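Q: Quick mapping for you: the protein sequence lines, in order, are chains A and B.
Using our numbering, read the first sequence as starting at 1 and increasing by one per residue.
Using our numbering, read the second sequence as starting at 641 and increasing by one per residue.
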Amino acid sequence: MAKGTKRTKADAESMASKQRDISVSEFFAKNRHLLGFDNPRKALLTTVKEAVDNALDACEEASILPEIEVKIEEITPPPHASKPGRYIVTITDNGPGIVRKQVENIFGRLLYGSKFHRLKMSRGQQGIGISAAGMYGLMTTGKPMVITTRPKKNKPAHHLELAMDTTKNKPEVTVDVETDDFPNNTGTRVAIEMEAKFFRGKGSVETYLEQTAISNPHCSITFIPPDKAHENPDLAESNEYVEVDEQGIVRTQEFSDRIVYPRTVDELPPETEEIKPHPYGVELGTFLTMLNKTNEKQLAGFFKKEFCRVPPSTVKEVTAAASNSKKSYSGQTWVKTIESKDAEKIYKALQEAKLRSPPTDCLSPIGVKQMLAGLLKGVKAEFYTASTRKPSVYRGNPFQIEAAIAFGGDLPGDQQARVIRYANRVPLLHQQSACSSFKSVVETSWKNYGMQQPRGGLPVGPLVVMIHMASVWVPFTSESKDAIADYDEIRKEMSLALQECGRKLGQYIRRRQRMKRDAQKRDVFERYIGEISRACNYLTGTDTQELYDALLAQAKARTEIADAQLDDEGKFIKDDQGRLAKADDVIILDSAIGGPDESGSVAEAKPVVKKKRVSKTSKKKRTSKKKSSSKKAAAGLFGG
Amino acid sequence: MAKKVTKKKVVKKKVAKKKVAKKTTKKTAKNAPAKSSVARTNKAGKRDQETSVKLSAMAQSIVTAVHADKEPEMDVPIRAASNTNWNAKKGILEMGDSVGTRQLFNLGQARKFMQTLLHGKSVDELLQADKTLSLRGMFYKSLHTIEGTKEKTFDDQTESDGILEDLEVSLGSLREELHIFAKKRGTMVGNITVVDNGDEINCRKMGSGGYAIPSICEPEVIQFKDVKAKFILHVEKDTVWQRFNEDRFWEKHNCILTEGSGQPTRGVRRMLHRLNKEHGLPVYCLLDCDPWGHYIYSVIKQGSISLAFESSRLAIPEAKYLGIRSIDFERCDLSDDVKISLNDRDIKRAKQIAAYPWFEKNKQWQKEIKKMLSNGFKMEVESLITKDISYVTEEYVPARLKAKDWLG
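1) Scan the region 842 to 885 of chain B and note each continuous beta strand (DSSP E) run of 3 residues or more that stays entirely inside, going in chain order.
2) Give a yes or no on whether 9 Å exceeds the smallest Cβ distance from phenylalanine 794 of chain B to chain A.
3) Quick one: is lysine 9 of chain A buried, meaning 16 or more other Cβ sit within 10 Å of its Cβ, or exposed?
4) By alpha-carbon positions, which one of B:Phe889, B:Glu958 and B:Ile936 ends up nearest to proline 922 of chain B?
5) Might you give, ordered along the chain, the residues of its own chain that have their beta carbon closer than 8 Å to the beta carbon of arginine 7 of chain A, omitting 5 neighbours on each side?
6) Would you check if the distance between the CB atom of isoleucine 702 of chain B and the CB atom of isoleucine 532 of chain A is smaller than 9 Å?
7) At 7 Å on the CB atoms, spell out the chain B contacts of glycine 409 of chain A, in chain order.
8) List the residues that DSSP assigns as beta-bridge partners of threonine 92 of chain A.
9) Counting Cβ pairs closer than 8 Å, one from the region 39 to 47 of chain A and one from the region 335 to 354 of chain A, do we hit at least three?
10) Assuming histidine 306 of chain A is part of the alpha helix (DSSP H), what are its boundary residues?
11) Chain B partners of lysine 521 of chain A, CB-CB under 8 Å?
12) With burial defined as no fewer than 16 other Cβ atoms inside 10 Å of the residue's Cβ, what is the status of proline 84 of chain A: buried or exposed?
13) Which value, in whole angstroms, describes the spacing of the CA atoms of lysine 377 of chain A and valine 250 of chain A?
14) Would leucine 162 of chain A and valine 103 of chain A qualify as a contact pair, given that the criterion is a beta-carbon distance under 9 Å?
15) Return no unless some Cβ of chain A is closer than 9 Å to the Cβ of arginine 635 of chain B.
16) Would a check of beta-carbon distances place glutamine 513 of chain A closer than 9 Å to chain B?
17) Determine, using beta carbons only, whether arginine 534 of chain A comes closer than 9 Å to chain B.
18) In terms of alpha-carbon separation, which member of B:Asp986, B:His784, B:Cys857 and B:Val834 lies closest to leucine 954 of chain B?
19) Quick one: measure Cβ to Cβ for histidine 218 of chain A and leucine 65 of chain A, integer angstroms, because I've assumed they're closer than 8 Å.
20) Chain A partners of aspartate 688 of chain B, CB-CB under 7 Å?
21) Determine, using beta carbons only, whether serine 800 of chain B and glutamine 755 of chain B come nearer to each other than 9 Å.
22) Output yes if chain A places a C-beta closer than 9 Å to the C-beta of valine 622 of chain B; else output no.
23) From what residue to what residue does the beta strand (DSSP E) around tyrosine 394 of chain A run?
24) So leucine 773 of chain B and lysine 781 of chain B are supposed to be a Cβ contact under 8 Å. How far apart are they, rounded?
25) On the three-state DSSP scale, how would you describe glycine 963 of chain B?
26) Are three or more beta carbon pairs between the region 363 to 372 of chain A and the region 328 to 335 of chain A nearer than 8 Å?
27) Give the straight-line distance between the Cα atoms of aspartate 172 of chain A and lysine 380 of chain A, rounded to the nearest whole angstrom.
28) What are the partner residues of glycine 740 of chain B, as DSSP defines its beta bridges?
29) Across the region 806 to 824 of chain B and the region 881 to 897 of chain B, are there enough close Cβ pairs to call them in contact, namely three or more that are closer than 8 Å?
30) Taking Cβ-Cβ distances shorter than 7 Å, what residues in chain B pair up with valine 524 of chain A?
31) Could you confirm whether any beta carbon from chain B is found closer than 9 Å to the beta carbon of glutamine 545 of chain A?
32) Taking Cβ to Cβ, would you say valine 335 of chain A is nearer than 9 Å to leucine 288 of chain A?
33) Suppose the cutoff is 6 Å on Cβ atoms and the five residues either side in sequence are ignored; what does the same chain contact list for lysine 439 of chain A look like?
34) Tell me which residue opens and which closes the beta strand (DSSP E) that tryptophan 726 of chain B is part of.
35) Per DSSP, which one or two residues make a beta bridge with methionine 194 of chain A?
36) Who does methionine 778 of chain B pair with in a DSSP beta bridge?
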């Protein structure tokens, strides 16, 4: 504050002249980082993410197995490392399409959607995503968003170009024609031109799609990045059919121009039910608003209509508790007559009442089978396990935690484990360390399961940990929806799910180590047995092959004894192998287990010895005198 | 106490096993006439045959065990300080009774088990051919790559040497009996004639080089003739020996002058032992005043830990330590320049030596080591040269001998 200058005095009137409405669109245009458009790199990801989330939600709601294509075209490459380039992002789905009159609202207005007002498990929540992407594109390039949608089979598709008026939060349609240029029976295609930066690796579009494919094995995703062909000229041309690898597993496939994440499960996830709020999850302000807005006349009706888990007996209990000598309430009390301070009493009584947990059939976990299918497709490992916890409740919101683990195989063994986090099947790519699921992975003591783990860090080894939280309302730490907030109930469930997976992993690792040890032992013994039999044959004249066979039998028997030791749970380890492999929640790829019989050196050593046997037996037929003379000759060679 | 008891038990068990092994030996002898057919008349041939029988017995006990579905194992006496006993009466170190079992089906022992048998085979081949090989030669004799692998039977000679020593103790045969010799080390000159493999060597006419003491000094190879010398002066190393030889010390004092190039080999020790036992020549040692010199004396006098099983053929309990003594710095009025300060390793080793049971009760030696530690420095024999080039040969040693001033 400069002292010398004269201060302009503003009075209430002059200030009032400047005070006006701020449109939501305007607010977000200035604060675009809140929506995930902080920088050109993230813009691309956020756009793809919002569009794919919407497409998947729409397909599932319409019971269509989703097929999604994501295409990124480079119009002008970034001129400089610090400057963005210009891209067109096109996302095409085979969903139900959008009726013509809703197109402007859905794509052209912020905070418009079907998902915000209801408590239902779905991917998107606030309804700001895709329109914000369009707005970002318009702001950075001046180009409108291009939408093609076909809501009805055999009818032409609508082709619209939308620009948004940020001051009015209203869309302007610049082009509106009908077209036949749409590949699917029904569905929607969105194309947005924007300033952005394409990249690969952590936090990229590719990572997002890869992880989405893992959590949604029922969907098929095709990704056409801008520069695929230049990168690896050895890749094959793309073809129509899905290939199966030698182990009979359908995996992610890379072609010269695209990456295909194939569908590996042909069932849609069960449809989720919408639920009413549970009183424990409602705050006082919300409660007051609900009282104001309800169409019900009496308290009993209000509770029945607006909440779940409030039966008439509870209404009686609550109203009685809120009543005092001056005023008494009951189910018949008119809603209109309740003043706000009375409402507070009722609210308090409601919070103190013993209520049943909210219904949990509204949740749709990915499922053990599906998680395994997804990981099998996306992660080349040798051991997979998954676990789905029973639903639980935080602040009146039902939720369910799932975890899965992939271990070994092609995963890098000297790096920290990779944690992939999901909320309602949507991958969370940023703010890993702020996320409750990440913390629960760090807090699990993986040393118990045979992994290395530095203090306060992720386990180190060939490990991918997947955590999914399904809920009607996922508590994110911020609007960018990147990290799950820390609730004790959630953390506890996450830990339990991880422990379930960890125990199975531990069993597997221990068994693997044991097999390795045994194989090594057997290997060592068998290596020396040949030498020993030959030396003994020289010194005693015993038959080499007979002794070799006897020693080999002993070596085998001895290492088998090690096989059959008891494990921690007191069960036979041999049995354990079958038990683990047969379990529904575990997949072990055969080739991954290097059993002692498969170790190369043993197989190699055998024929060599057999060869010897022929020569030794023929030698044995000779007279003993000859034998000693041949011995002498051999010694003479060395001695002389 | 508890430890001892378990050891005894182990020994009893082993003895029982050995009996079994012996039984099988007889069988083998019948079954394998090939061995006995190699008839040799001389004494050495008979001894070789005994060794050969021992070797096949060792192998046979393994074969028998395997065919009886028992664990193949061999007994190897433990060669460590824990299994070395101080026999105060005889004044030598002796190997205890503890026997370790070497098993094939034990990850830590499998390789050694295989190596022991390989060397057993090689030794038998040597016996049959009636030839000897050096330790290094034995390493090459048993060296090859194991079929179907990239692993060699021996990584280096050290590994091979250890196995050969094991073989010596487990068979109860000496290295010579296995037809193995070590590198020559050590020199000798003096008023004596040695018959080495039939050749007469007059040790009075060895020029400046001296007679190289062979690795094998057994009576079959080396005989003594014309022993006129009255005592033996053993010095630590070649440089000092040269000084004495140049000054014709052995001639003036009518003695034998030997040198062991540091820790004397078995050949040198056997030579000294035989001259001492067979001709009653007292042995006087002139060594450095440091823990290593002290230990050389200890080995000459009562034997070493790793070869404790041979002490009775190598040790000379009557050997005396002439010097250098820790009091010599003052006694001989040496200059400060000869002091070499003791490092941590020296101090540690000196304390270790002082605590050995055969030093522990020797007051003279306790005093000597204590004095050296309190001096805080060590001295080499060469330090006497600072007085005069021939001070050591003309004054120091004659004076000590005359005064009978030595440590025992």
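Even for Gly, the Cβ is constructed at its ideal location relative to N, Cα and C.
Keep in mind the model is a prediction, meaning the values are calculated, not measured.
A: By the coordinates alone:
1) Within the region 842 to 885 of chain B, the complete beta strand (DSSP E) runs of at least 3 residues fall at 862 to 865 and 871 to 875.
2) Within the second sequence, numbered from 1, the residue matching residue 794 of chain B stands at position 154. Among the CB atoms of chain A, none fall inside 9 Å of the CB of phenylalanine 794 of chain B.
3) The residue given as residue 9 of chain A occupies position 9 in the first sequence. With fewer than 16 other Cβ atoms within 10 Å, it is exposed.
4) As a working note, residue 922 of chain B is residue 282 in the second sequence. Closest in C-alpha terms to proline 922 of chain B, from the list B:Phe889, B:Glu958 and B:Ile936, comes B:Glu958.
5) By one-based count along the first sequence, residue 7 of chain A stands at place 7. So no residue of the chain qualifies.
6) Along the second sequence, read from residue 1 onward, the residue named residue 702 of chain B stands at position 62. Along the first sequence, read from residue 1 onward, the residue named residue 532 of chain A stands at position 532. Yes; because the gap between Cβ atoms is below 9 Å, this pair is in contact.
7) What you label residue 409 of chain A is simply residue 409 of the first sequence in a count that begins at 1. Correct list: empty, because the minimum Cβ distance to chain B is about 27 Å.
8) Start at 1 with the first residue of the first sequence, and residue 92 of chain A comes out as number 92. Threonine 92 of chain A is bridged to A:Glu69 and A:Arg189.
9) With the rule of 3 Cβ pairs closer than 8 Å, the region 39 to 47 of chain A does not count as touching the region 335 to 354 of chain A.
10) Walking along the first sequence from the start, residue 306 of chain A turns up at place 306. In the sequence on display, residue 306 of chain A carries glutamate and not histidine. Start and end: 299 to 306.
11) Here residue 521 of chain A refers to the residue found at position 521 when the first sequence is read from its first residue. By Cβ distance, chain B contributes Leu747.
12) In the first sequence, counting from the first residue as 1, residue 84 of chain A sits at position 84. It is buried - the Cβ of proline 84 of chain A has at least 16 other Cβ atoms within 10 Å.
13) Position 377 of the first sequence, counting from 1, holds the residue named residue 377 of chain A. Position 250 of the first sequence, counting from 1, holds the residue named residue 250 of chain A. Computed Cα separation, rounded: 6 Å.
14) Residue 162 of chain A sits at position 162 when you count from the first residue of the first sequence. Residue 103 of chain A sits at position 103 when you count from the first residue of the first sequence. A contact, by the Cβ cut-off of 9 Å.
15) No answer is possible for residue 635 of chain B: the residues shown for chain B start at 641 and end at 1048.
16) Stepping through the first sequence from its first residue, residue 513 of chain A is reached at position 513. Not one chain B Cβ lies under 9 Å of glutamine 513 of chain A.
17) Your numbering for residue 534 of chain A matches position 534 in the first sequence. So, interface residue.
18) If you number the second sequence from 1, residue 954 of chain B lands on position 314. Measuring from the Cα of leucine 954 of chain B, the nearest candidate turns out to be B:Cys857.
19) Taking the first sequence and counting its residues from 1, one reaches residue 218 of chain A at position 218. Taking the first sequence and counting its residues from 1, one reaches residue 65 of chain A at position 65. Contact check for histidine 218 of chain A and leucine 65 of chain A: beta-carbon distance about 6 Å, within the 8 Å limit, so the pair qualifies.
20) Your numbering for residue 688 of chain B matches position 48 in the second sequence. Against aspartate 688 of chain B, chain A offers no close residue; the least beta-carbon distance is about 13 Å (beta-carbon pairs closer than 7 Å).
21) Residue 800 of chain B sits at position 160 when you count from the first residue of the second sequence. Residue 755 of chain B sits at position 115 when you count from the first residue of the second sequence. Cβ distance < 9 Å, so serine 800 of chain B and glutamine 755 of chain B count as in contact.
22) Coverage of chain B is limited to positions 641 through 1048, which leaves residue 622 of chain B absent and any answer about it impossible.
23) Along the first sequence, one-based indexing puts residue 394 of chain A at 394. From DSSP, the beta strand (DSSP E) with tyrosine 394 of chain A extends over 392 to 394.
24) Taking the second sequence and counting its residues from 1, one reaches residue 773 of chain B at position 133. Taking the second sequence and counting its residues from 1, one reaches residue 781 of chain B at position 141. With 8 Å as the limit, leucine 773 of chain B and lysine 781 of chain B qualify as a contact, their Cβ atoms being about 6 Å apart.
25) What you label residue 963 of chain B is simply residue 323 of the second sequence in a count that begins at 1. In the three-state DSSP reduction, glycine 963 of chain B falls in the strand class (E or B).
26) Using a C-beta cut-off of 8 Å, the region 363 to 372 of chain A makes no contact with the region 328 to 335 of chain A, since fewer than three inter-stretch Cβ pairs fall below that distance.
27) As a first step, residue 172 of chain A is located in the first sequence; it is residue number 172 there, counting from the start. As a first step, residue 380 of chain A is located in the first sequence; it is residue number 380 there, counting from the start. It should be noted that the sequence gives glutamate, not aspartate, for residue 172 of chain A. Rounded to the nearest angstrom, the two C-alpha atoms are 48 Å apart.
28) Here the question's residue 740 of chain B lines up with position 100 in the second sequence. BP columns for glycine 740 of chain B point to B:Val716.
29) No, the region 806 to 824 of chain B is not in contact with the region 881 to 897 of chain B.
30) By 1-based counting over the first sequence, the position of residue 524 of chain A is 524. Those are Leu747 and Ala750, listed as they occur along chain B.
31) Numbered from 1 along the first sequence, position 545 holds the residue referred to as residue 545 of chain A. Taking Cβ atoms only, chain B never reaches closer than 9 Å to glutamine 545 of chain A, which makes this a no.
32) Walking along the first sequence from the start, residue 335 of chain A turns up at place 335. Walking along the first sequence from the start, residue 288 of chain A turns up at place 288. Not closer than 9 Å, so no.
33) The residue labelled residue 439 of chain A in the question sits at position 439 within the first sequence. Answer for lysine 439 of chain A: no residue qualifies.
34) The residue you call residue 726 of chain B lines up with position 86 of the second sequence. Where tryptophan 726 of chain B is concerned, the enclosing beta strand (DSSP E) stretches over 724 to 727.
35) Mapped onto the first sequence, residue 194 of chain A falls at position 194. DSSP output for methionine 194 of chain A lists A:Tyr87 as bridge partner(s).
36) As a working mapping, residue 778 of chain B is identified with position 138 in the second sequence. Looking at the DSSP assignment, methionine 778 of chain B forms no beta bridge with any residue, so it has no partner.
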